[in-house]
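For the protein sequence lines, the chains are A and B, in the order given. In terms of this note's numbering, the first sequence is residues -15 to 403. In terms of this note's numbering, the second sequence is residues -9 to 112. We put the beta carbon where it would ideally sit given N, CA and C, even for glycine. Below: one structure, written as structure tokens.
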Amino acid sequence: FNICSLPVLAKLCQKIKFAINNAVPFKDIDSDKYSVFPTLRGYHWRGRDCNDSNKMVYPGRRPDNWDVHQDSNCNGIWGIDPSDGIPYEKKFCEGSEPRGIIVLGDSASAHFHISPQWITASQMSVKSFHDLPTALTDELNWPQLSGITGFLSPTSRIKEESIYLRLRARNRCNHRDYQNIAKNGASSQNLETFIESLSRNQLLDHPAIVIYAMVGNDVCSRKKDPVPYMTTPEKFYSKVMQTLKYLNAHLPNGSHVILYGLPDGNFLWDHLHDRYHPLGQLNKDVTYAQFYSFLNCLQVSPCHGWMSSNKTLRTLTSERAEQLSNTLKKIATREKFTNFDLFFVDFDFQEISQEWQKRGGQPWQLIEPVDGFHPNEVASLLLADQLWKKVLLQWPQVLGKENPLNQQIEQVFGDQGGH
Amino acid sequence: FSQGHNCLGCVAVVSVVEQLAQVHNYTFLTSMDKLCSYLPEKLFLKTTCYLVIQVFGPDIIKLLRTDLNADVVCHTLKFCKQETGQPLCHLYPSRKETWKFALEKARWIVKKSPVLKHSGND
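In structure tokens, the structure reads:
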């Protein structure tokens, strides 16, 4: 039985399907790709629209007439200072080099998370399922808590903030300028199917920092023999170049693109295989090794290559991931584009694991407990911290300068209307 | 969603029903009812859950009462299928012989199930 076959729901289902497939908001009256609705690719995924009936008003654009009459870029700064007649946007943001943050990624960037409370009998209550509808309408992702574009306070006790919140703290004029163009199962090979959901106008908008973070699906598949399905370095090079050419044609001049490497997923098996999965904790009868084997048997594993008891296969997967990371490194050093500069940053799980251990944690606590695969909220924020620090140290121009007027913006505009 | 996802979903839900009963000393019926009561009304989640109980509940209860585990329940209800020449996928550990016996026993228990009769293989 398919609920969408009901005539009353057919149109609605079609609209939802379109939003999910194309990674554009379900509710977007002015079709500017920004929404006032949180889920179904709404403001959990990109800055909340502050006027959904005017397509020239959206986060990230250069202000229209210094936003004297309306907040055309939704950063919460508009109007004229009555004391001197200068528009606030001009006073606070002119020359501050505002910029947005955009991630092109997979389920890790979208922060895929299945709550362990949903499957743990001893922790189950009405409260534990409260956020299930939100999660379902965000494709089981939590971009609002992700390492790159998250805007809510972390649910775990961790002080690190997302890249977006750091950029916003650095310059309050960047408020609401985030886009999470990430999708479950995304890879260099299928990014072209939804990259057009990226919203940036070369003439009208501020430059952006784009993080290209396809960190797994080029080497991961659910197939019985995943090796033939892995992206080859040649194919990878060609698709990444295709994406970069697209970005060069759409990003405003002065943007930055950071290519994020692939991890060595061996840590998944190493840290989890003999631990109990949430379904096996009560009776001590299901370890991650068994859970992985079940997923592989059903051919539903998100990454057979790394989530496997077969050491040779895990090593092969890591070797291919390393080759693809080297391809990204090569592209970053050799290729030049007119509208952005290009950088490469490693996905260094080892480093964040050591940092976590210094704080008294264990490496397995950085992995999503239910799927045994994705980096969890803590890992995502530690990775964001690592990325921020590396960029700040090596290429500070990417992050822009600190806005000395941040405090004044806060005094006048408070929380700037929320995210 | 593939056949594999259906199987995974079934095994997870039946495991939760079984474990809720174990933790709180509920009957399997109460356990299923509790699980549905926890779900929000939004997106018809609660309604769908009660509908699922109505359709599959009686068979699940019969099978779980005979100490059969979630894997066996889901294979019997045909959410999990063993393709020809492929291994039998299971989450919980079990010996091959025990499996064969458990599945035969389970099939016999739900032999007269109207749901399985009407749904055929699907």
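Would residue i pass as an interface residue toward chain C - the criterion being a Cβ-Cβ separation below 7 angstroms?
i     : result
B/K32 : Structure shown: chain C not included; protein chains present are A and B.
Can you list, in chain order, the residues of its chain whose CB lies under 7 angstroms from that of residue i, leaving out five sequence neighbours each side?
i       : result
B/P30   : K36
A/A(-6) : C(-12)
A/G238  : P191
A/S302  : D248, G249, N250
B/Q(-7) : K71
A/E73   : P47, W50, D51, I61, W62
A/C34   : V41, D55, C58, G401
B/G110  : Residue placement at B/G110 is poorly supported in this model, since its pLDDT is 48, which falls under 50; the coordinates still yield a value, given next. Nothing listed; no residue qualifies.
A/C287  : G200, C204, G249, F357
B/Y16   : L10, K24
A/V354  : I98, P100, I103, P262
A/C(-3) : C(-12)
A/L188  : R45, R46
A/I393  : I61, F76, R156
A/T118  : T23
A/H159  : N59, G60, R152, Q400
Could you work out which residues of chain A lie near residue i, taking near to mean beta carbons separated by less than 9 angstroms?
i       : result
B/Q44   : Result: empty, since nearest Cβ-Cβ is about 13 angstroms, beyond 9 angstroms.
B/S(-8) : R206, L282, Q283, V284
B/C26   : What B/C26 touches in chain A: nothing, since even the nearest Cβ is about 10 angstroms away.
B/H65   : Residues of chain A passing the Cβ test: none, with the nearest at roughly 12 angstroms.
B/P77   : C281
Could you work out which residues of chain B lie near residue i, taking near to mean beta carbons separated by less than 8 angstroms?
i      : result
A/P117 : P30, K32, L33, L35
A/L266 : Q9, Q12, V13
Give me the chain A residues within the contact set of residue i, using Cβ-Cβ distance strictly less than 7 angstroms, ordered along the chain.
i     : result
B/A2  : I103, L263
B/Y82 : D269, V270
In the DSSP assignment, what are the bridge partners of residue i?
i      : result
B/I99  : Partner(s): none; B/I99 has no beta bridge.
A/L88  : A/I165, A/Y196
B/Y16  : Looking at the DSSP assignment, B/Y16 forms no beta bridge with any residue, so it has no partner.
A/T271 : A/Y260
A/R45  : A/D189
A/R30  : A/Q163
Can you list the residues of chain A that residue i reaches, using a CB-CB cut of under 8 angstroms?
i       : result
B/S5    : I103, L263
B/L(-2) : F278, L279, L282, V284
Could you name the residues of chain B that residue i contacts, counting a contact when the two beta carbons are closer than 9 angstroms?
i       : result
A/V(-8) : Within chain B, no residue comes near A/V(-8); the closest Cβ sits about 13 angstroms away, beyond 9 angstroms.
A/S112  : Y28
A/S109  : Y28
A/F275  : L81
At 7 angstroms on the CB atoms, spell out the chain B contacts of residue i, in chain order.
i      : result
A/S106 : V13
A/L367 : By Cβ distance, chain B contributes nothing, its closest Cβ being about 28 angstroms from A/L367, past 7 angstroms.
A/L120 : L33
Which residues in the same chain have their Cβ closer than 6 angstroms to the Cβ of residue i, if we skip the five residues on either side of it in sequence?
i      : result
B/F69  : N(-4), C(-3), C0
A/V284 : R206
A/I85  : I147, Y148, L151, Y162, I193
A/G131 : S146, S364, L365, L367, A368
A/L266 : none
B/S21  : V7, L10, A11
B/D112 : With a pLDDT of only 46 at B/D112, under 50, the local geometry of the prediction cannot be trusted, and the value read off the model is given with reservation. Same-chain partners within the cutoff: there are none.
Can you find the residues in the same chain that come closer than 8 angstroms, C-beta to C-beta, to residue i, ignoring five residues on each side of it along the sequence?
i      : result
A/K405 : This structure cannot settle anything about residue 405 of chain A, because the visible part of chain A is limited to -15 through 403.
A/S293 : W253, H257, A273, Y276, S277
A/L300 : V211, G289
A/L297 : P210, V211, H288, G289
A/F178 : N5, N6, A7, I165, K167, A170
A/K143 : none
A/A3   : P9, F10, L24, R25
Length at least 4, wholly inside the stretch 172 to 248 of chain A: the alpha helix (DSSP H) runs in chain order: 217 to 234, all fully within the stretch 172 to 248 of chain A.
Can you confirm whether the stretch 64 to 72 of chain A touches the stretch 318 to 337 of chain A when touching is taken to mean that 3 or more C-beta pairs between the two stretches lie within less than 8 angstroms? No contact exists between the stretch 318 to 337 of chain A and the stretch 64 to 72 of chain A.
Touch check for the stretch 306 to 316 of chain A and the stretch 253 to 265 of chain A: three-plus C-beta pairs under 8 angstroms? Taking 8 angstroms as the limit for Cβ pairs, the verdict is that the stretch 253 to 265 of chain A does not touch the stretch 306 to 316 of chain A.
Quick test of the definition: if touching needs 3 or more C-beta pairs under 8 angstroms, does the stretch 339 to 355 of chain A touch the stretch 238 to 256 of chain A? With the cut-off at 8 angstroms, the stretch 339 to 355 of chain A and the stretch 238 to 256 of chain A touch.
Would you call the stretch 100 to 120 of chain A in contact with the stretch -3 to 12 of chain B, where contact means no fewer than 3 C-beta pairs closer than 8 angstroms? Remark: three or more beta-carbon pairs, one from each stretch, lie closer than 8 angstroms, so the stretch 100 to 120 of chain A and the stretch -3 to 12 of chain B are flagged as touching.
Check whether the stretch 271 to 281 of chain A and the stretch 73 to 84 of chain A touch, using three or more Cβ-Cβ pairs below 8 angstroms as the test. They do not touch, by the three-pair rule.
Between the stretch 48 to 60 of chain A and the stretch 86 to 105 of chain A, do three or more beta carbon pairs fall short of 8 angstroms? Taking one beta carbon from each stretch, the stretch 48 to 60 of chain A and the stretch 86 to 105 of chain A have fewer than 3 pairs nearer than 8 angstroms; the two do not touch.
Below 8 angstroms, how does it come out for the stretch 171 to 182 of chain A and the stretch 147 to 161 of chain A: are there three or more Cβ pairs, yes or no? With the cut-off at 8 angstroms, the stretch 171 to 182 of chain A and the stretch 147 to 161 of chain A do not touch.
When you compare the stretch 332 to 340 of chain A with the stretch 109 to 117 of chain A, are there three or more beta-carbon pairs, one atom per stretch, that lie closer than 8 angstroms? The stretch 332 to 340 of chain A, when compared against the stretch 109 to 117 of chain A, does not touch it at the 8 angstroms Cβ threshold.
If contact is defined by three or more beta carbon pairs under 8 angstroms, each pair taking one atom from either stretch, is the stretch 276 to 285 of chain A in contact with the stretch 75 to 92 of chain B? Using a Cβ-Cβ distance cut-off of 8 angstroms, the stretch 75 to 92 of chain B and the stretch 276 to 285 of chain A are in contact, since at least three pairs of beta carbons, one from each stretch, lie closer than that value.
Is the stretch 360 to 380 of chain A touching the stretch 42 to 56 of chain B, taking contact as three or more C-beta pairs under 8 angstroms? Taking a cut-off of 8 angstroms on C-beta distances, the stretch 360 to 380 of chain A does not touch the stretch 42 to 56 of chain B, as fewer than three cross pairs fall below it.
Could you tell me which whole alpha helix (DSSP H) segments of length 4 or greater appear in the stretch 65 to 148 of chain A? Segments of the alpha helix (DSSP H) lying fully in the stretch 65 to 148 of chain A: 72 to 77, 91 to 94, 116 to 121.
Length-filtered (3 minimum) beta strand (DSSP E) runs lying within the stretch 317 to 368 of chain A: Here the runs fully enclosed are 324 to 329.
Is the stretch 88 to 100 of chain B in contact with the stretch 56 to 69 of chain B, if contact means three or more CB pairs nearer than 8 angstroms? Taking 8 angstroms as the limit for Cβ pairs, the verdict is that the stretch 56 to 69 of chain B does touch the stretch 88 to 100 of chain B.
At 4 residues or longer, and completely inside the stretch 53 to 91 of chain B: list those alpha helix (DSSP H) runs for me, N to C. Unbroken alpha helix (DSSP H) stretches of 4 residues or longer found wholly inside the stretch 53 to 91 of chain B: 60 to 66, given in chain order.
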